[in-house]
Amino acid sequence: MPTGWGCSLQIAQRIKGIPHQGLVSNMGWWPFSSKASKDAGDNLHIKGTKVWLDDLREICETHYDKPEAGRMRIREMAIEWTDAHSKSELDDTLFEGLERRAFQLTRASDKEWIKWLDDDEFWKPGWRLVDNSD
Numbered sequence: 001m002p003t004g005w006g007c008s009l010q011i012a013q014r015i016k017g018i019p020h021q022g023l024v025s026n027m028g029w030w031p032f033s034s035k036a037s038k039d040a041g042d043n044l045h046i047k048g049t050k051v052w053l054d055d056l057r058e059i060c061e062t063h064y065d066k067p068e069a070g071r072m073r074i075r076e077m078a079i080e081w082t083d084a085h086s087k088s089e090l091d092d093t094l095f096e097g098l099e100r101r102a103f104q105l106t107r108a109s110d111k112e113w114i115k116w117l118d119d120d121e122f123w124k125p126g127w128r129l130v131d132n133s134d
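Letter by letter, the sequence shown follows residues 1 to 134 in our numbering.
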């Protein structure tokens, strides 16, 4: 005769008139399905415009006093958004906007770097460089 919890379960099943089916009750209900979810292929955590821009801005502000280190991080991040764009996780408009900002930031002098960081319009969705050469 089993001892411990197995014995207690068997005794409880006999008292309740449940036929003995081993040490585990066959209740037919389990909240954690072993079947794959229907949405398993969908990535519900695709970054949006605000997240990408916030990430880029955070990198730049973290390296405000070391622009060259910031430029290196921007180049690394550009690889991430290029991969996301190739997987269609990033639409063309957002991709182009990130590329425009990266172009300005990676080619900026140290003084221009700070200027871009302080320009709130630069960090808003839809930003475009205004050509004042008219």
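Quick reminder that beta carbons are idealized off the backbone N, C-alpha and C, glycines included.
Can you give me the C-alpha to C-alpha distance between alanine 40 and leucine 94, rounded to a whole angstrom?
Bear in mind that the predicted position of alanine 40 carries a pLDDT of just 43, short of 50, making it unreliable; the figure below should be weighed with that in mind. For alanine 40 and leucine 94, the distance between alpha carbons rounds to 26 Å.
Name the two residues that bound the continuous alpha helix (DSSP H) containing lysine 50.
49-62
Stretch-stretch touch, CB-based, cutoff 8 Å, three pairs: the stretch 122-130 with the stretch 97-110
yes
Less than 6 Å between C-beta atoms, sequence neighbours within five positions excluded: which residues of the same chain meet that for arginine 73?
Ile59
With DSSP collapsed to three states, give me the class of alanine 69.
helix
If you draw a straight line from the alpha carbon of glutamate 121 to that of leucine 53, how long is it in whole angstroms?
12 Å
Assign arginine 75 to buried or exposed, taking buried as 16 or more other Cβ atoms, counted over all protein chains shown, within 10 Å of its Cβ.
exposed
My assumption, with CB atoms under 8 Å, is that tryptophan 116 sits in contact with glutamine 104. Please give the rounded CB distance.
6 Å
Alpha carbons only, please: which of Lys50, Asp65 and Lys47 is nearest the one belonging to serine 109?
Asp65
Quick one: is arginine 107 buried, meaning 16 or more other Cβ sit within 10 Å of its Cβ, or exposed?
exposed
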